[in-house]
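If you count the sequence shown from 1, you need to add 104 to reach this note's numbering.
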Amino acid sequence: MSATPQKTDDNQEIDLRQISKSIGNFFEGISDNIFGIILFLKKNLLVLISLFITGVVAGYFIDKVNQSYRHDIIVSSNFASNDYLYNKVGLINASLTQKDTVFFNKIGISNFDKINAISIKPIIDIYSLVNNAEAKTANNAQNTQNFELVKLLSEDGDITKVIKDSVTSRNYTSHKISIVTDNRIDNDKTITPLLNYLNKSDYYNKYQSIYISNINEKIKQDTIVIKQIDNLLNQFATNNNQKNDKLIYYNENNQLNDLINNKNARIDEIGYLRTQLTTIDKIVKDTSITINIKNNKGLNNKMKLVLPLLLIFGYIGFIIFGNYYRKQLAKQNS
Numbered sequence: 105m106s107a108t109p110q111k112t113d114d115n116q117e118i119d120l121r122q123i124s125k126s127i128g129n130f131f132e133g134i135s136d137n138i139f140g141i142i143l144f145l146k147k148n149l150l151v152l153i154s155l156f157i158t159g160v161v162a163g164y165f166i167d168k169v170n171q172s173y174r175h176d177i178i179v180s181s182n183f184a185s186n187d188y189l190y191n192k193v194g195l196i197n198a199s200l201t202q203k204d205t206v207f208f209n210k211i212g213i214s215n216f217d218k219i220n221a222i223s224i225k226p227i228i229d230i231y232s233l234v235n236n237a238e239a240k241t242a243n244n245a246q247n248t249q250n251f252e253l254v255k256l257l258s259e260d261g262d263i264t265k266v267i268k269d270s271v272t273s274r275n276y277t278s279h280k281i282s283i284v285t286d287n288r289i290d291n292d293k294t295i296t297p298l299l300n301y302l303n304k305s306d307y308y309n310k311y312q313s314i315y316i317s318n319i320n321e322k323i324k325q326d327t328i329v330i331k332q333i334d335n336l337l338n339q340f341a342t343n344n345n346q347k348n349d350k351l352i353y354y355n356e357n358n359q360l361n362d363l364i365n366n367k368n369a370r371i372d373e374i375g376y377l378r379t380q381l382t383t384i385d386k387i388v389k390d391t392s393i394t395i396n397i398k399n400n401k402g403l404n405n406k407m408k409l410v411l412p413l414l415l416i417f418g419y420i421g422f423i424i425f426g427n428y429y430r431k432q433l434a435k436q437n438s
């Protein structure tokens, strides 16, 4: 009966020795690998240094030759010209693809061969959609309709998706036009002709003229009404001073408040309309222009760092593959 426990103890001792041996072999393998790496570096140090220097120099020249610049134009589309704006940018893109020299010479961009791409995307601002400035001038009910439309669309799905939807996003006021070029550009030779082209439309130019005329007429009429209110207030003050009891009746007080509120509302409206005139002097109003931003996305301007690593790891991979091939070939021949 005592033989079975003795045998179990022996098996446990054997298992412990095997585990200890496995652990020892594991650390010994790590030690051998580290030593092998040290020997490899010692043997190939000059080659690795040469590859690193070659990669840095070659990467520097590649970065210098293959430079990329981004140019951003923030624009506001007036007079509900969003679709017009996107179609115009789309036409420019198509002309770039076709290398349409006649088209670009016609719009005044002679260095179009430097342009790699042009794109436009909305600057998402749900508040500008709901509180549309032009709608405020023309019809306040339009703002309510925009809000109800967004609310209705969001009931059937995620409001974030609705806000970013391509159909919804075109209706935002502000948009960013991005241009990518190989070299630095001049504002007068590229950006100005581009904006002139975007603002060239017989239909919207006529619309703009009528729109501005209506605003000026509204300012003129508001100014006349304000003068009339001032005359009424002056008459009221004169009549009130002539009264012996110096009392203001309730109905007169209400009328006076209505006149003052009306005057203040028209003063506010004139201020707002004058502000509007500064933003609608163009169909596509540029609010910000930033040019010659060095493009560092992806591998742009990073080859001086990437190429040395590619050469070094490529060389190491070649050595490892060579050793593996020789070992397998030796096994086949043995």
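By construction, the Cβ of each residue, glycine as well, lies at the ideal position given by its N, Cα and C atoms.
Whole-angstrom distance between residue j and residue i, CA atom to CA atom
i: D290; j: H175; result: 11 Å
i: N427; j: K203; result: 51 Å
i: F165; j: L415; result: 16 Å
i: I393; j: Y173; result: 14 Å
i: K310; j: I364; result: 37 Å
i: D306; j: D292; result: 24 Å
i: Q246; j: F340; result: Its pLDDT being 47, under 50, Q246 is placed unreliably by the model, and nothing is read from it.
i: K146; j: S154; result: 14 Å
i: G418; j: K408; result: 16 Å
i: K406; j: I423; result: 26 Å
i: A361; j: I333; result: First, the residue type needs correcting, since residue 361 is Asn and not Ala in the sequence shown. Roughly 11 Å separates the two Cα atoms.
i: S278; j: D167; result: 34 Å
i: D187; j: D217; result: 27 Å
i: T296; j: I196; result: 15 Å
i: N437; j: F425; result: 18 Å
i: L150; j: I134; result: 25 Å
i: F139; j: L152; result: 18 Å
i: V284; j: T379; result: 33 Å
i: Q171; j: V410; result: 15 Å
i: N404; j: I141; result: 33 Å
Supposed contact pair residue j and residue i - C-beta distance, whole angstroms, cut 8 Å
i: R288; j: N396; result: 5 Å
i: V388; j: L299; result: 7 Å
i: D326; j: V179; result: Their Cβ separation, rounded to whole angstroms, is 30 Å, which puts D326 and V179 out of contact at 8 Å.
i: Y308; j: S185; result: 6 Å
Near the ligand HEM: residue i beta-carbon under 7 Å from a heavy atom
i: F183; result: As far as ligands go, the structure on display features none, and thus does not contain the ligand HEM.
Proximity of residue i and residue j at Cβ, strictly below 8 Å
i: P412; j: F156; result: yes
i: D286; j: N220; result: yes
i: Y190; j: I224; result: yes
i: Q312; j: F183; result: yes
i: I213; j: I281; result: no
i: N303; j: K386; result: yes
i: I330; j: K367; result: yes
i: K322; j: L381; result: no
Counterpart residues of residue i in DSSP-defined beta bridges
i: Y173; result: T285, K398
i: P412; result: The partner list for P412 (beta bridge, DSSP) is empty, contrary to what the question assumes.
i: S135; result: Note: S135 sits in no beta bridge, so no partner.
i: I221; result: In the sequence as presented, Ile is not what sits at residue 221; that position holds Ala. According to DSSP, which records beta bridges pairwise, A221 is partnered with V284.
i: P297; result: DSSP output for P297 lists no bridge partner at all.
i: K389; result: S180
i: S313; result: For S313, which the question treats as bridged, DSSP gives no partner whatsoever.
i: S278; result: S180
Practice problem: Indicate whether the contact test is met: 3 or more Cβ pairs, each with one atom in the region 155-162 and one in the region 363-374, closer than 8 Å. | Solution: Touching, no, given that fewer than three Cβ pairs across the two stretches are closer than 8 Å.
Quiz prompt | Cβ contact check for the region 307-325 and the region 194-201: 3 or more pairs under 8 Å | solution = Inter-segment contact for the region 307-325 and the region 194-201 is absent: fewer than three beta-carbon pairs are separated by less than 8 Å.
Quiz item: Three or more C-beta pairs closer than 8 Å, one from the region 204-216 and one from the region 427-437: is that the case here?
Solution: Under the Cβ criterion (8 Å, minimum of three pairs), the region 204-216 does not count as touching the region 427-437.
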